[in-house]
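**Q** Here you go, one structure.
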Amino acid sequence: MRNFLQEVQWDREMVGKSVNEMMEYVATKCKEAEERFVPKGNRNNRKTKTSLWFTRRCREAKTKCNREWKRYRRHRTQENKEISRRARNEYAQIRREAQRQYENDIASKVKSDPKLLYSHIRRKTTVRDQVIRLRKEGGELTRNDQEVCEELNTRFKEVFTVETGRTLGGQIRWGHQQGIHQQVLDDIHTDEEEVKKLLRDIDTSKAMGPDNISPWVLREGADMLCVPLTTIFNTSLETGQLPEVWKTANIVPIFKKGDRKEALNYRPVSLTCIVCKVMEKIIRRRVVEHLERNKSINANQHGFMEGKSCVTNLLEFYDKITEVRHEREGWADCIFLDCKKAFDTVPHKRLVQKLEHQAHITGRALQWIREYLTGRQHRVMVRNDVSQWAPVTSGVPQGSVLGPVLFLVYVNDMMEGLYSEVSLFADDVKLMRRIKSDEDQAGLQRDLDRLDTWSNKWLLEFNPAKCKVMKIGEGHRRPQTEYRLGGQRLQTSLKEKDLGVSITPSMSPEAHINQITAAAYGRLANLRTAFRYLSKESFKTLYTVYVRPILEYAAPVWNPHLIKHVKKLEKVQRFATRLVPELRGMSYEERLREIGLTTLEDRRVRGDMITTYKILRGIDKVDKDRMF
Numbered sequence: 001m002r003n004f005l006q007e008v009q010w011d012r013e014m015v016g017k018s019v020n021e022m023m024e025y026v027a028t029k030c031k032e033a034e035e036r037f038v039p040k041g042n043r044n045n046r047k048t049k050t051s052l053w054f055t056r057r058c059r060e061a062k063t064k065c066n067r068e069w070k071r072y073r074r075h076r077t078q079e080n081k082e083i084s085r086r087a088r089n090e091y092a093q094i095r096r097e098a099q100r101q102y103e104n105d106i107a108s109k110v111k112s113d114p115k116l117l118y119s120h121i122r123r124k125t126t127v128r129d130q131v132i133r134l135r136k137e138g139g140e141l142t143r144n145d146q147e148v149c150e151e152l153n154t155r156f157k158e159v160f161t162v163e164t165g166r167t168l169g170g171q172i173r174w175g176h177q178q179g180i181h182q183q184v185l186d187d188i189h190t191d192e193e194e195v196k197k198l199l200r201d202i203d204t205s206k207a208m209g210p211d212n213i214s215p216w217v218l219r220e221g222a223d224m225l226c227v228p229l230t231t232i233f234n235t236s237l238e239t240g241q242l243p244e245v246w247k248t249a250n251i252v253p254i255f256k257k258g259d260r261k262e263a264l265n266y267r268p269v270s271l272t273c274i275v276c277k278v279m280e281k282i283i284r285r286r287v288v289e290h291l292e293r294n295k296s297i298n299a300n301q302h303g304f305m306e307g308k309s310c311v312t313n314l315l316e317f318y319d320k321i322t323e324v325r326h327e328r329e330g331w332a333d334c335i336f337l338d339c340k341k342a343f344d345t346v347p348h349k350r351l352v353q354k355l356e357h358q359a360h361i362t363g364r365a366l367q368w369i370r371e372y373l374t375g376r377q378h379r380v381m382v383r384n385d386v387s388q389w390a391p392v393t394s395g396v397p398q399g400s401v402l403g404p405v406l407f408l409v410y411v412n413d414m415m416e417g418l419y420s421e422v423s424l425f426a427d428d429v430k431l432m433r434r435i436k437s438d439e440d441q442a443g444l445q446r447d448l449d450r451l452d453t454w455s456n457k458w459l460l461e462f463n464p465a466k467c468k469v470m471k472i473g474e475g476h477r478r479p480q481t482e483y484r485l486g487g488q489r490l491q492t493s494l495k496e497k498d499l500g501v502s503i504t505p506s507m508s509p510e511a512h513i514n515q516i517t518a519a520a521y522g523r524l525a526n527l528r529t530a531f532r533y534l535s536k537e538s539f540k541t542l543y544t545v546y547v548r549p550i551l552e553y554a555a556p557v558w559n560p561h562l563i564k565h566v567k568k569l570e571k572v573q574r575f576a577t578r579l580v581p582e583l584r585g586m587s588y589e590e591r592l593r594e595i596g597l598t599t600l601e602d603r604r605v606r607g608d609m610i611t612t613y614k615i616l617r618g619i620d621k622v623d624k625d626r627m628f
């Protein structure tokens, strides 16, 4: 395949073509290379769940077993009975060995290809994450996958923002930049070495986009394909034009929560062209470097930024709340805000204005991003059916590389002018204010009013029905304060899930521990169903990849100090290690030594030490002077 791609006269073929024509030619050659040199898997119709591990040796043993059984039924002699019995036992032994080997193969590959594990568990359990019949507007249910596609496509289109109103232009400046000289990003260029490295790093397990170019061909042909792709990328950046196929996306609906029959309970994730994603990585790298150089992104934003994460967001925010509780001067009123379809409703014209006047991205760079955003189309895919193409009039593509950074730029000035503590992770917004008097509560309400004004100006709506108020500390004993957003009263909550961690007014980790232990037991049940043969080695791999991360997510935020909580967490691992047949009868400590594990408590202590080190060393971008 590499020789085939090497023989193509790329420089000559690129001359005189538009970026669209160049991309079509590269796609044609990639598909030709795939058809000629990439072996195709034999996807036979499999009638049983065991067909994936049912090898040729199993089939031969089964045929022999059936043959000897039929012979015994025709001639019921003692000799034929013994031969049939041996054939049956041999077949059973070969089946067990084949299944054990198949399960061990999955365990050995799970770290490099987790999809193998999850697809195996889905086949073996009753859990199904597929789209089912959906309820139409009139209450009627869809009858087939084609109708499901069209219904989802219709619902996804309804959330798009219709942008009206005058251009805001030069009026929009980030407050912290007033009077400060800002560098400008107006031109972007790449070279073959950068493109080659990005092609070599492509994850071949990812799905193809609308151009149907195999990620395997792109990665394995990186040394040759970097030549035409570099030409396409630089031409695209110079002219501000994109290949038409780059502006299309296949939408895969991912269920969130709620009623599975409601189309709006599915999140649209875009599968875009992989070549376009490589281009986006180049643009994103330059944009992020530019934003960091100008210190443009607000320090309270933790989403999609290097050195920041869900953990840093939670640590900083709840450290401030803990300070309020310990000082026992008033209480903390927290407001969890929900943005309505935030990524899908970003208005394109306003986003481009912010990129120019706030982020100082101009010239060819701005023209490329403007072209990337406008004139897009998508279609919904469910199994083997697709919907009609539909225009995308707002939003940044979910599942794209550049989209999240563009979204951060758009919401960056949301926090300006607020006097309460604020924390963001992309579109996840939290407000907190220490309450000592009625004036403090009035101040928090004024901040909500400012956010409502910002929302109306920038056409990014909040969903007041899903926004919640929580009084942390002594506040839950005080008369309930009525906070409003957009004229609607916000409901008080006694439990909220904040970036995956359950929070209650007492700040006790008990609710979160109850949730994660229940989830971990559920996953252990899946492992017991999906894997009949667990050796020490396979158990360790499966447990550490599939179960233990649930028990340790964001542990530095909620690490318990009460013995009852420590024991409840450890009990999960005690139970899990007893699933290995060869370790039954041993004590918990002996089982851990045999498998090569440590206690969950020791791992949480180690995790706290690592997090502390990262903060003190500046690896995690948290205000260390405040925390230590």
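In case it helps, the UniProt record's numbering puts the sequence shown at residues 1 to 628.
All residues carry an ideal CB built from backbone N, CA and C; glycine is no exception.
All values derive from a computational prediction rather than experimental measurement.
1. Could you compute how far the alpha carbon of V8 sits from the alpha carbon of R219?
2. Of all the options Y613, C30, P243, E90, which has the alpha carbon lying nearest to the alpha carbon of R376?
3. Please report the Cβ distance between K281 and V405, rounded to the nearest whole angstrom; I am assuming they are in contact, meaning their Cβ atoms lie under 8 angstroms.
4. Could you round the C-beta distance between L459 and P347 to whole angstroms and report it? I think they count as a contact, below 8 angstroms.
5. I need the DSSP call for F425, collapsed to helix, strand or coil.
6. Can L569 be considered in contact with the ligand NAP, in the sense that its beta carbon sits closer than 6 angstroms to one or more heavy atoms?
7. Can we say the stretch 613 to 621 touches the stretch 544 to 559, given the rule of at least three CB pairs closer than 8 angstroms?
8. Do you know whose CA, among G258, R200, Q241, L271, lies nearest K206's CA?
9. For a quick check, are the C-beta atoms of C58 and R88 less than 7 angstroms apart?
10. Assuming E194 is part of the beta strand (DSSP E), what are its boundary residues?
11. On a CA-only basis, which of H565, G486, P549 is nearest A511? Give me that one, please.
12. Between which two residues does the alpha helix (DSSP H) containing H348 stretch?
13. Between which two residues does the alpha helix (DSSP H) harbouring residue 682 extend?
14. With DSSP as the reference, label T63 as helix, strand or coil.
15. State whether the stretch 261 to 280 contacts the stretch 196 to 211, with contact taken as three or more CB pairs (one from each stretch) at a distance under 8 angstroms.
16. Can you give me the C-alpha to C-alpha distance between K341 and V159, rounded to a whole angstrom?
17. Among K457, D452, T453, L485, whose alpha-carbon lies nearest the alpha-carbon of K468?
18. According to DSSP, is F628 part of a helix, a strand, or is it coil?
19. Just to confirm my understanding: we take R135, look at its own chain, exclude 5 residues before and 5 after, and list those with CB closer than 7 angstroms. What are they?
20. Among the residues of its own chain, which have a CB less than 8 angstroms from the CB of T517, if the five just before and after it don't count?
21. Skipping 5 residues on each side, what residues in its chain have a beta carbon closer than 6 angstroms to that of K109?
22. D254 lies in the beta strand (DSSP E); which residues open and close that run?
23. Using CA atoms only, rank isn't needed, just tell me which of Y25, R74, A98 is closest to A61.
24. Report the residue from E151, A27, Q101, N456 whose alpha carbon sits nearest the alpha carbon of E163.
25. Distance, Cα to Cα, I254 vs V217?
26. Can you tell which of H357, Q353, Q441, L597 has its C-alpha closest to the C-alpha of Q183?
27. Going by the DSSP bridge assignment, what does S270 pair with across the sheet?
28. Using the three-state DSSP reduction, which class does K488 fall into: helix, strand or coil?
29. Does the Cβ-Cβ distance between Q301 and F343 come in under 7 angstroms?
30. Can you look up P391 in the DSSP assignment and give me helix, strand or coil?
31. State the DSSP-derived secondary structure class of K520, mapped to helix, strand or coil.
32. Between the Cα of I619 and the Cα atoms of C65, R370, G307, which residue gives the shortest distance?
33. Rounded to whole angstroms, how far is the Cβ of S214 from the Cβ of V422, which I believe are closer than 8 angstroms?
34. If you drop the 5 nearest sequence neighbours on each side, which residues of the same chain put their C-beta closer than 8 angstroms to that of R350?
35. By alpha-carbon positions, which one of N212, H561, R489 ends up nearest to E32?
36. Would you mind listing the alpha helix (DSSP H) stretches within the stretch 295 to 336 that are 4+ residues and don't spill past its ends, in chain order?
**A** On the basis of the supplied data:
1. 17 angstroms
2. P243
3. About 11 angstroms separates the Cβ atoms of K281 and V405, ruling out a contact at the 8 angstroms cut-off.
4. 5 angstroms
5. strand
6. In the structure shown, the ligand NAP is absent, as is every other ligand, since no ligand is present at all.
7. no
8. Checking every option, the nearest Cα to that of K206 belongs to L271.
9. no
10. Taken as a continuous stretch (DSSP letters only), E194 belongs to no beta strand (DSSP E), being part of the alpha helix (DSSP H) at 192 to 200.
11. H565
12. Note, H348: alpha helix (DSSP H), 348 to 357.
13. The question about residue 682 has no answer, for the chain in this structure spans 1 to 628.
14. helix
15. yes
16. Looking at the two C-alpha atoms, the distance is approximately 7 angstroms.
17. L485
18. coil
19. L141, K261, E262
20. L551, K568, L569, K571, V572
21. L116
22. Looking at the sequence itself, residue 254 is Ile, so the reference to Asp does not match. 248 to 255 is the extent of the beta strand (DSSP E) around I254.
23. A98
24. N456
25. 28 angstroms
26. H357
27. The beta-bridge partner set that DSSP reports for S270 consists of I251.
28. With the sequence shown as reference, residue 488 is identified as Gln, and Lys is not the correct amino acid for it. Looking at Q488 - three-state DSSP - the assignment turns out to be strand.
29. no
30. strand
31. Reading off the sequence shown, one finds Ala at residue 520, where the question assumed Lys. The answer is helix: DSSP assigns A520 an H, G or I state.
32. G307
33. Not quite, the Cβ-Cβ distance comes to about 45 angstroms (not below 8 angstroms), so this is no contact.
34. In the same chain as R350, and ignoring 5 residues on each side of it, the C-beta atoms closer than 8 angstroms to its own belong to E163, L168, Y410, W458, L459, in chain order.
35. The closest CA to that of E32, considering only N212, H561, R489, is found on N212.
36. 310 to 327
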